[in-house]
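So for the sequence shown, the numbering used here puts the first residue at 38; every next one is plus one. Backbone N, C-alpha and C define an ideal beta-carbon position, used for all residues, glycine too. On a predicted model such as this, the values are computed, not experimentally measured, just so you know.
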Amino acid sequence: MELKEREQLDRLFLAMAEYEKGVPHRIAHFAKVHTYAALIGRQEGLPDRLQLITEAAALVHDIGIRPSLEKYRSSAGKYQQIEGPAPAGEMLTRLGFSDEVTRRVCWLVGHHHTYHPVEGPDHQILLEADFLVNAMEEAMSEAAIRTGREKVFSTKTGLALLDAMYPPKTDSQ
Numbered sequence: 038m039e040l041k042e043r044e045q046l047d048r049l050f051l052a053m054a055e056y057e058k059g060v061p062h063r064i065a066h067f068a069k070v071h072t073y074a075a076l077i078g079r080q081e082g083l084p085d086r087l088q089l090i091t092e093a094a095a096l097v098h099d100i101g102i103r104p105s106l107e108k109y110r111s112s113a114g115k116y117q118q119i120e121g122p123a124p125a126g127e128m129l130t131r132l133g134f135s136d137e138v139t140r141r142v143c144w145l146v147g148h149h150h151t152y153h154p155v156e157g158p159d160h161q162i163l164l165e166a167d168f169l170v171n172a173m174e175e176a177m178s179e180a181a182i183r184t185g186r187e188k189v190f191s192t193k194t195g196l197a198l199l200d201a202m203y204p205p206k207t208d209s210q
């Protein structure tokens, strides 16, 4: 990825931190999701453009929480998917992201709680990175993690991270 794109992502990170000002757990959440998404994307060999899209989506994926809370008094995933694309698009456009990148990131924001069908490696990686962070933050049960391993994960890197965090039980355990 070129320096210009890395600087755009840095500006997006700071813009999201300002957007979530006073809500440290949401800032920490998107930072962790971004870290995992960036790593998975690099290890899986994403082309630069798709890496940029994946990382930008990881930073803004939960931007719909605030408007969802205001409009529906709920941060449920279905509301985030409805309310998130508009503010994501505004922020990305303001920061100079291309129309192509902005459109795809907005689509990902609108589908980051949609597990089937998975439409592209950027979508897959965002789902895996968000699951890794949510598993820890929500103290998911072993059964939920096992189901996630089977139904959410398909990248070698994502599975390796999940297994490092939550080693699968063997028959002898």
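In or out: E92 buried (at least 16 other Cβ within 10 Å) or exposed?
Start at 1 with the first residue of the sequence shown, and residue 92 comes out as number 55. E92 should be labelled buried.
Extract the residue ranges of the alpha helix (DSSP H) inside the stretch 74-117, only unbroken runs of 4 or more that lie entirely within it.
Listed in chain order, they are 85-97 and 102-109.
Might you give, ordered along the chain, the residues of its own chain that have their beta carbon closer than 7 Å to the beta carbon of I77, omitting 5 neighbours on each side?
Mapped onto the sequence shown, residue 77 falls at position 40. Closer than 7 Å at Cβ, skipping near neighbours: I162, E165, A166, T192, T194 and G195.
Once DSSP output is grouped into helix, strand and coil, what is the label at G185?
In the sequence shown, counting from the first residue as 1, residue 185 sits at position 148. Shown here, G185 sits in a helix according to DSSP, grouped into three states.
Test item: CB-CB of R186 and L199 under 8 Å:
Counting from one through the sequence shown, the residue named residue 186 turns up at place 149. Counting from one through the sequence shown, the residue named residue 199 turns up at place 162. Judged by beta-carbon spacing, L199 lies within the 8 Å limit of R186, meaning their Cβ atoms are closer than that value.
Assuming Q117 and I102 form a contact by the criterion Cβ under 8 Å, report the distance between their Cβ atoms to the nearest whole angstrom.
By 1-based counting over the sequence shown, the position of residue 117 is 80. By 1-based counting over the sequence shown, the position of residue 102 is 65. Between Q117 and I102 the beta-carbon gap is near 6 Å, inside 8 Å, which marks them as a contact.
Considering F134, what are the terminal residues of the alpha helix (DSSP H) in which it resides?
Along the sequence shown, read from residue 1 onward, the residue named residue 134 stands at position 97. Note, F134: premise wrong, no alpha helix (DSSP H); not H, not E.
For L106, I'd like the list of residues in its chain whose CB is within less than 7 Å of its CB, leaving aside the five on either flank, ordered along the chain.
Counting from one through the sequence shown, the residue named residue 106 turns up at place 69. Hits under 7 Å: S112.
Near G121, what residues of its chain come up, given a Cβ to Cβ distance below 6 Å and the 5 sequence neighbours on each side ignored?
Within the sequence shown, the letter at position 84 stands for residue 121. Here the set comprises I100, G101 and V146.
Look up G195 in the DSSP assignment and say whether it is helix, strand or coil.
The residue given as residue 195 occupies position 158 in the sequence shown. Here G195 sits in helix by DSSP.
Can the beta-carbon of R48 be found less than 8 Å from the beta-carbon of L129?
The residue labelled residue 48 in the question sits at position 11 within the sequence shown. The residue labelled residue 129 in the question sits at position 92 within the sequence shown. Remark: C-beta atoms of R48 and L129 do not approach each other more closely than 8 Å.
Could you compute how far the alpha carbon of E127 sits from the alpha carbon of P154?
Numbered from its first residue, the sequence shown carries residue 127 at position 90. Numbered from its first residue, the sequence shown carries residue 154 at position 117. For E127 and P154, the distance between alpha carbons rounds to 27 Å.
Where H66 falls: helix, strand or coil (DSSP):
Within the sequence shown, numbered from 1, the residue matching residue 66 stands at position 29. Per DSSP, reduced to three states, the secondary structure at H66 is helical.
Under a Cβ-count criterion, where at least 16 other Cβ atoms within 10 Å of its own Cβ denotes burial, should T207 be classed as buried or exposed?
Position 170 of the sequence shown, counting from 1, holds the residue named residue 207. In this structure T207 is exposed. Its beta-carbon is surrounded by fewer than 16 other beta-carbon atoms within 10 angstroms.
Taking M53 as part of the alpha helix (DSSP H), name the residues at either end of that continuous run.
Position 16 of the sequence shown, counted from the first residue, corresponds to residue 53. Bounds of the alpha helix (DSSP H) holding M53 are L40 to Y56.
Mark H98 as exposed unless 16 or more other C-beta atoms lie within 10 angstroms of its C-beta, in which case mark it buried.
Here residue 98 is taken as the residue at index 61 of the sequence shown, counted from 1. Burial state of H98 is buried, judged by a 10 Å Cβ sphere holding 16 or more other Cβ atoms.
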